[in-house]
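Undergrad: Top line first, the protein sequences correspond to chains A and B. Using the working numbering, the letters of the first sequence map in sequence onto residues 767 to 880. Using the working numbering, the letters of the second sequence map in sequence onto residues 34 to 146. Heads up, the beta-carbon is just placed ideally off N, CA and C, and yes, glycines get one too. Please see the structure below; I have some questions.
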Amino acid sequence: AQSVAQPEDQVNVAEGNPLTVKCTYSVSGNPYLFWYVQYPNRGLQFLLKYITGDNLVKGSYGFEAEFNKSQTSFHLKKPSALVSDSALYFCAVRDEGGSYIPTFGRGTSLIVHP
Amino acid sequence: DGGITQSPKYLFRKEGQNVTLSCEQNLNHDAMYWYRQDPGQGLRLIYYSQIVNDFQKGDIAEGYSVSREKKESFPLTVTSAQKNPTAFYLCASTPLQGLNEQFFGPGTRLTVL
Numbered sequence: 767a768q769s770v771a772q773p774e775d776q777v778n779v780a781e782g783n784p785l786t787v788k789c790t791y792s793v794s795g796n797p798y799l800f801w802y803v804q805y806p807n808r809g810l811q812f813l814l815k816y817i818t819g820d821n822l823v824k825g826s827y828g829f830e831a832e833f834n835k836s837q838t839s840f841h842l843k844k845p846s847a848l849v850s851d852s853a854l855y856f857c858a859v860r861d862e863g864g865s866y867i868p869t870f871g872r873g874t875s876l877i878v879h880p
Numbered sequence: 034d035g036g037i038t039q040s041p042k043y044l045f046r047k048e049g050q051n052v053t054l055s056c057e058q059n060l061n062h063d064a065m066y067w068y069r070q071d072p073g074q075g076l077r078l079i080y081y082s083q084i085v086n087d088f089q090k091g092d093i094a095e096g097y098s099v100s101r102e103k104k105e106s107f108p109l110t111v112t113s114a115q116k117n118p119t120a121f122y123l124c125a126s127t128p129l130q131g132l133n134e135q136f137f138g139p140g141t142r143l144t145v146l
């Protein structure tokens, strides 16, 4: 079985400060991990994914994520937050040996204060 | 431009009525999905389809029905049996080959009056 947890419902950060949105996962085999962003009343947009290779994955809009196998985590990061980064962020996981259907976390609302 | 379209953007339904939400993609993707989104609950899978004329129930299929007569189209019907249909509905698609992310439509917000 596959599962994903986003332990924070909301993250607040000041503009210009670094941001981290946390994600932990559980799978039987190797994980395939994804981050998406959703702006109000819009669909989800893909940010980045980890399949294999380097543990630090770079994605759209200056975001990156670090895969940590020992801690089963895939935290989303950005060195300097923008007010326009305020949105809902979803982590998703697929198990290498399982279904092609991903499991989504409950989402984390990121609020960047001016 | 390639992408996924959903219509209508907003939909109002009276209790006891069936309504159909449209989802069309021109990405030539094999798999299509319907999700329901409620505040604080993330995305819950309603139905998915890998191929034309075949589809499977997701986690919350009761009160919903779908069809997949064409590769490009995957309409969702919210029936009167769905007791709490007010939600934001998202359609997505993905190729089956490779380890690909999902592409999402803009969503339909359904409100029961």
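1) On a CA-only basis, which of B:84, B:108 and B:67 is nearest residue 130 of chain B? Give me that one, please.
2) Would you say residue 107 of chain B reaches chain A, if we count a Cβ-Cβ gap shorter than 9 angstroms as a contact?
3) Closer than 7 angstroms between beta carbons: that is the criterion. Which residues of the stretch 79-92 of chain B meet it against chain A?
4) Do you know whose CA, among A:835, A:808 and A:842, lies nearest residue 827 of chain A's CA?
5) Please work out which residues of its chain come closer than 7 angstroms, Cβ to Cβ, to residue 120 of chain B, disregarding the five sequence neighbours upstream and downstream, and give them in chain order.
6) Only counting the same chain, and skipping five residues up and downstream in sequence, which positions put a Cβ closer than 6 angstroms to that of residue 860 of chain A?
7) When you compare only the Cα positions, how much space is there between residue 45 of chain B and residue 874 of chain A?
8) With a threshold of 9 angstroms between beta-carbons, can residue 136 of chain B be considered close to chain A, or not?
9) To the nearest angstrom, report how far apart residue 847 of chain A and residue 878 of chain A are at their CA atoms.
10) So residue 812 of chain A contacts chain B; which residues on that side make the cut at Cβ distance below 7 angstroms?
11) Express the C-alpha separation of residue 136 of chain B and residue 61 of chain B in angstroms, rounding to a whole number.
12) Of the residues that make up the stretch 774-808 of chain A, which ones have a beta carbon closer than 9 angstroms to any beta carbon in chain B?
13) Measure from the C-beta of residue 125 of chain B to each C-beta in chain A and report whether the shortest distance is under 9 angstroms.
14) Taking any Cβ of chain B, which residues in the stretch 864-880 of chain A have a Cβ under 8 angstroms from it, in chain order?
TA: Walking through what the data contain:
1) Sequence index remark: in the second sequence, residue 130 of chain B carries index 97 (1-based). Closest in C-alpha terms to residue 130 of chain B, from the list B:84, B:108 and B:67, comes B:84.
2) Counting from 1 along the second sequence, the entry for residue 107 of chain B is found at position 74. Closer than 9 angstroms to the CB of residue 107 of chain B there is not a single CB belonging to chain A.
3) Using a CB distance below 7 angstroms, the part of the stretch 79-92 of chain B facing chain A consists of 81, ordered along the chain.
4) The count along the first sequence starts at 1 and reaches residue 827 of chain A at position 61. In this structure, A:842 is the residue among A:835, A:808 and A:842 with its C-alpha nearest to the C-alpha of residue 827 of chain A.
5) Here residue 120 of chain B refers to the residue found at position 87 when the second sequence is read from its first residue. 69, 70, 71 and 143.
6) Stepping through the first sequence from its first residue, residue 860 of chain A is reached at position 94. Excluding sequence neighbours, residue 860 of chain A sits near 798 and 868.
7) Counting from one through the second sequence, the residue named residue 45 of chain B turns up at place 12. Counting from one through the first sequence, the residue named residue 874 of chain A turns up at place 108. For residue 45 of chain B and residue 874 of chain A, the distance between alpha carbons rounds to 28 angstroms.
8) Within the second sequence, residue 136 of chain B is the residue found at index 103, counting from 1. Yes, residue 136 of chain B counts as interfacial toward chain A.
9) What you label residue 847 of chain A is simply residue 81 of the first sequence in a count that begins at 1. What you label residue 878 of chain A is simply residue 112 of the first sequence in a count that begins at 1. Cα to Cα, residue 847 of chain A sits roughly 7 angstroms from residue 878 of chain A.
10) For this step, residue 812 of chain A is matched to residue 46 along the first sequence. By Cβ distance, chain B contributes 134.
11) Your numbering for residue 61 of chain B matches position 28 in the second sequence. Your numbering for residue 136 of chain B matches position 103 in the second sequence. Rounded to the nearest angstrom, the two C-alpha atoms are 12 angstroms apart.
12) Listed by position, the residues of the stretch 774-808 of chain A near chain B (Cβ gap below 9 angstroms) are 775, 798, 800, 802, 804, 807 and 808.
13) For this step, residue 125 of chain B is matched to residue 92 along the second sequence. Using a Cβ-Cβ cut-off of 9 angstroms, residue 125 of chain B counts as an interface residue toward chain A, since at least one Cβ of chain A sits closer than that to its own.
14) So the list reads 866, 867, 868, 870, 871, 872 and 873, given in the order they occur along the chain.
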